[in-house]
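Please read the structure below before turning to the comments.
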Amino acid sequence: MFGRKTRGDGPVPPHPRREPRIDGPLTAENMERAFGGCVDFARRPAALGGDPARTATLCYLSGMVKMERVSDYILRPLAQDGALAACREDQAVERIRTGALYNLIVEERTTADQGVFDLINGWCLLFFPQTGRVLSFLVQTEEKRSISPSENEPPLKGPRDAFVESIRTNTSILRRRVRTPQLRIREQLVGRQTVTPVDLVWVEDIARPETVAAVEKRLAEIDIDGLISPASLEEYLTGEVRTAFPTILSTERPDRFSAGLLEGRVGVLVDGLPMGWLLPAGLKEFFRSPQDKALSWMAASALLVLRYLCMLTTLFLPALYIAAVTFHLELLPTRLALSIVAAKQNVPFTTIFEVLVMLAAFEVIQEAGLRLPSSIGQTVSILGGLVVGSAAVEARIVSPVVLIVVAAAGIAGYTMPSQDFAAALRLWRFGLAALAAAAGMFGVAMGGLLLICHLSALESFGVAYLTPFDAGGAGRTANAVLRRPLPFVKLREAVLRTPNRRNQGTFS
Amino acid sequence: MRRILYLLPALGILLTGCSALPYAHQIDRTALMEVLGVDAAEEGQVTVTAASGPRPEDQEPLVLSAQAETLSAACADMGRSGEDYVFFGDVEQVLVGEEEAASGLEPLLTHMARDPELRLEAELWVVKGAPASSLLLEPVEGESLPDRLSALSRNAQLLGGPRPQMARGALTDLLENGDTLLPALERREDGAGNSVLAGAGYAVVRDGTLRGYLGEEAAFGADLLRGLGEGQVLELPGPGLGSSALKLTGIETSFRTAFQGERLTGLRVACTLETQAAERTDGVPGLGEEDRRTLEAELARQATAAIAAAMAGFRALDADAIHLLDRVALAVPWKTARLEAQWEEVFPRLEVSIQVEATVARD
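Chains as they are written, first to last, in the numbering used here: chain A, 200 to 707; chain B, 781 to 1143.
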């Protein structure tokens, strides 16, 4: 299905990497040629020490640099420092490189590729025509969205910050939370066209080195044009494209990300994406919410159990309804069966058709609500859910019981903390309903078996997806379904194979 | 090659029996039957009558009847006659006509055990002196037969009356012991002249066939012998000219055996009844010591008579329908084998002495 060549496409054309990207030397003219026709490319001469005979050329991309910095820390000292005009150009370059200008970071560049990417990343280039040397100054603008609470993982009790689109801001948030010098942040550039910085984050001596190396290798192997959407990273990083279930945990909340790092997981941050990824990630991670550690362990355990029950409800309820009502009436208590019969009177469609159409309608309403501005989205949800739903019931187009079943399944799905996981459940819900429509409980059982087989075949960087439900025993399974009191959780998960499993001292 | 790969799993499914998928039925085109009546018909045939519960939109309950050589065929015939699919999975009460019960319950119980829809949790009733179809085909106006039967079953403990017996229990009894008790039903007139469906004691079944009935007094005795009846309200004459209501709060029945040599010759039944005075009609507040003794004596007398009637009924019908052997054997477990060996022979002639001790607690 995926990755197979179709007959009409012919052979896949080669995709060679062009090295270097920009031919020719690192000169202002070459830079202008590289950005030919770009309105944001700017170039201006700058007289050293105010001497018109001794000029250098400054290049930058407007919008990428902060103009005040260029003016105050580069152009003003260049113009006012008379010593720069009095010495030879190579001496002036050395003087500038060692601090004549007030800029914090200055680097000497030698290749056109370096120059191009410096300009793109908010540096400005100073070309010295006589010596041919080029100095690059970091003067990038810091315009970015301010740190605000996460909308997808709303905090009820706990820190209210969330990742933003700037990767450096995100690493600074992490550094403020995990202050150990053992926190490692290694950067790679991913994407031929986007050249996106991707940071690999882990805590030395806690994360398993083999996992770090595996993630680093996988990142290095990503050879794509652009890393713009989360799926671009997730699908390439995990390599699991034949499943709807996520095998990598994404979060917008730095507290959850930090906790994951301390558990021994490896984190990934991408510039331009306001979220972080944690791996390895098994099934149980997608049931946990950062809120769980903010509540008492009893309340959190009850909520966890509730989420597991909701997972079963959202997955199996429509299928079980179809199977029971259409194939296995004996499963229903008599009074319930009579209620269903009464509700179904004069509805012209079969139960199977009703459920499948209502499931589809539920998705349509949800999708419409998401695509519209929030105020209109709410109106659509109310109109779709309440008005159209009740009108359909009154008009005897849909049985009210089917409406209840589909709504209950849908609402149960919303209890999943991970949207990716909830989306996978929604997809499988359709499949199970279709199997139930074909073969009743036999179909549901086969679907459930298929689902278990599918999940057991998944793994995330060496960790089985169903851990610890696969062979973990009752104790470890209970620990996954419940949240133990934190003082009792003295060891990190064995399955992560961390070099240092102990996570706390003796608590009395 | 790819076609072969697709074919292999399909063959795997078909050849392993997975092709026998269940059939779909639309629930709104399904008649959910709640009561089944089974009667003997002419020439060895059987008549099956089924009634549904309340139907939507105030429709009359559906009653279908069919006659065939076998129960399966009769049930299948009912499905062919109407527009709806007839579903027997909701049958909770099975009525057996007297004639059918007398000819044998084995075909019915076997059918219930084997049929994928009928459940052994359904309760069995024997219709005394009439065919089951008479109750199903001629309902009393305003009476829902399934609801009335459910009420009789539910209220048996509190209001007295024959205890319900599930088909599973009857089948187990018959397989283990050869005898069982089934609740009996009859239509009778109440004080206001209305025809009501009421319990009529127990039907005694031996070797799968109806042997006779225990009347209401004997049925009470059978319950006491089994230690049942707690919660039941009893009405007794006295003290004085009025009458009193006593609520049974405790029943304990034990058995003692008498042997002559190796032979069982007698059985002593000791029954202790604890009751609480609930109401008296003479308007006198409280219950004096004398009144209490009077009531205790009356209760003991009635209970003794009931137990004696039950024992007489069982011995007359030669049916140990309450597994008395097992209860007696508990008293002398080391003689169980000896008891089992002679029980059938001595049971009809067993001398039974009954001792009832009744206490009435002051309210």
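Backbone N, C-alpha and C define an ideal beta-carbon position, used for all residues, glycine too.
DSSP places Q1056 of chain B within a strand segment (E or B) once states are collapsed to three.
Excluding five sequence positions before and after V643 of chain A, the CB atoms of its chain that fall closer than 8 Å to its own CB belong to F515, A518, L519, A522, L631, L634, A635, given in chain order.
By the criterion of a C-beta distance shorter than 7 Å, E658 of chain A is surrounded in its chain by Y664, once the five residues flanking it on both sides are discounted. Just measuring C-alpha positions, the residue of A:K356, A:T340, A:F362, A:L337 sitting nearest S347 of chain A is A:F362. Annotation: Cβ neighbours of V546 of chain A in chain B (cutoff 9 Å, chain order): D808.
A residue is called buried when at least 16 other Cβ atoms come within 10 angstroms of its Cβ; A498 of chain A does not meet this threshold and is exposed. A950 of chain B sits close to L962 of chain B, with the two beta carbons spaced by under 8 Å. Judged by their CB atoms, E966 of chain B and A980 of chain B are nearer to each other than the 8 Å cut-off. Just measuring C-alpha positions, the residue of A:N702, A:I319, A:G331, A:P479 sitting nearest P686 of chain A is A:N702. Straight through space, the alpha carbons of E403 of chain A and I421 of chain A are spaced by roughly 24 Å. The beta-carbon of L812 of chain B is placed less than 8 Å from the nearest beta-carbon of chain A. DSSP places M557 of chain A within a helical segment (H, G or I) once states are collapsed to three. Apart from sequence neighbours up to five positions away, the residues of its chain that approach A912 of chain B with a beta-carbon distance below 7 Å are G817, V818, D819, T829, L875, V876, G877, ordered along the chain.
Between the C-alpha atoms of T254 of chain A and P328 of chain A there is a straight-line separation of about 8 Å. If you check the CB distance, R383 of chain A and V400 of chain A come in under 8 Å. Contact between H805 of chain B and L851 of chain B is absent: CB atoms are separated by about 21 Å, not below the 8 Å threshold.
Where P572 of chain A is concerned, there is no enclosing alpha helix (DSSP H), because DSSP gives it neither an H nor an E. At a cut-off of 8 Å between C-beta atoms, I610 of chain A does not count as an interface residue with respect to chain B.
Between R464 of chain A and the set A:V238, A:L695, A:P616, the nearest pair of CA atoms involves A:L695.
In the structure shown, G357 of chain A adopts coil according to DSSP, grouped into three states. Three or more Cβ pairs drawn from the segment 994-1012 of chain B and the segment 1075-1091 of chain B lie within less than 8 Å of each other, which places the two stretches in contact. In the structure shown, the three-state DSSP call for E484 of chain A is helix.
For the set A:P210, A:P473, A:V540, A:A621, the Cα lying nearest the Cα of S428 of chain A is the one of A:P473.
Remark: C-beta atoms of I273 of chain A and N302 of chain A approach each other more closely than 8 Å. Scanning A:P572, A:V597, A:L511 for the CA closest to the CA of V546 of chain A turns up A:V597. Within the segment 221-269 of chain A, the alpha helix (DSSP H) runs of at least 4 residues that lie entirely inside it are, in chain order, 227-233. For E918 of chain B, no chain A residue has a Cβ inside 9 Å of its Cβ, as the nearest lies near 23 Å away. Within the same chain, Cβ atoms closer than 7 Å to the Cβ of P944 of chain B are found at E903, S933, A936, P963, the five residues on either side in sequence being excluded. Near chain B, meaning a CB-to-CB distance below 7 Å, no residue of the segment 311-323 of chain A qualifies.
Of the candidates A:L334, A:L260, A:C258, A:D317, A:L334 places its Cα closest to the Cα of R294 of chain A.
Straight-line spacing of the CA atoms in R296 of chain A and T437 of chain A works out to 44 Å. K343 of chain A counts as exposed, since fewer than 16 other C-beta atoms from the protein chains shown sit within 10 angstroms of its C-beta. Within chain B, no C-beta atom comes less than 9 Å from the C-beta of I596 of chain A; the nearest is roughly 14 Å away. Your pair G612 of chain A and A621 of chain A checks out as a contact, with CB atoms roughly 5 Å apart and the cut at 8 Å. A804 of chain B has a beta carbon lying within less than 8 Å of a beta carbon in chain A.
In chain order, L1004, C1051, L1053, V1136, A1138 place their CB closer than 7 Å to the CB of A1083 of chain B, counting only its own chain and leaving out the 5 sequence neighbours on each side.
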